[in-house]
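Read in order, the letters of the sequence shown are residues 28 to 68 in my numbering.
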Amino acid sequence: MLMPSKTKFRKQMRGRMQGDAQTGNAPSFGSFGLQATVEDM
Numbered sequence: 028m029l030m031p032s033k034t035k036f037r038k039q040m041r042g043r044m045q046g047d048a049q050t051g052n053a054p055s056f057g058s059f060g061l062q063a064t065v066e067d068m
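In structure tokens:
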């Protein structure tokens with residue numbers, strides 16, 4: 028694989044992702060999904 032011998036800047040680490048998810052954060056499966064999100068049993 029070809030690689031440059033010298034680069035001016037290395038790729039920076041992304042760090043910890045912060046914030047809420049943009050997609051896939053809504054409960055699915057109707058009332059069963061809501062039951063799974065309720066904390067008291």
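Built from N, CA and C at the ideal position, the CB exists for glycine as well.
Taking residue i and residue j to be in contact with their CB atoms under 8 Å, please state how far apart those CB atoms are, rounded to whole angstroms.
i: Gly46; j: Pro54; result: Actually they are not in contact, since the Cβ atoms of Gly46 and Pro54 sit about 19 Å apart, beyond 8 Å.
Excluding the 5 residues preceding and the 5 following residue i in the sequence, name in chain order all residues of the same chain whose CB lies nearer than 8 Å to its CB.
i: Thr50; result: none
Tell me which residues share the same chain as residue i and place their Cβ nearer than 7 Å to its Cβ, disregarding the 5 neighbours each side in the sequence.
i: Asn52; result: none
Hey, would you say residue i sits closer than 9 Å to residue j, going by beta carbons?
i: Ala48; j: Phe56; result: no
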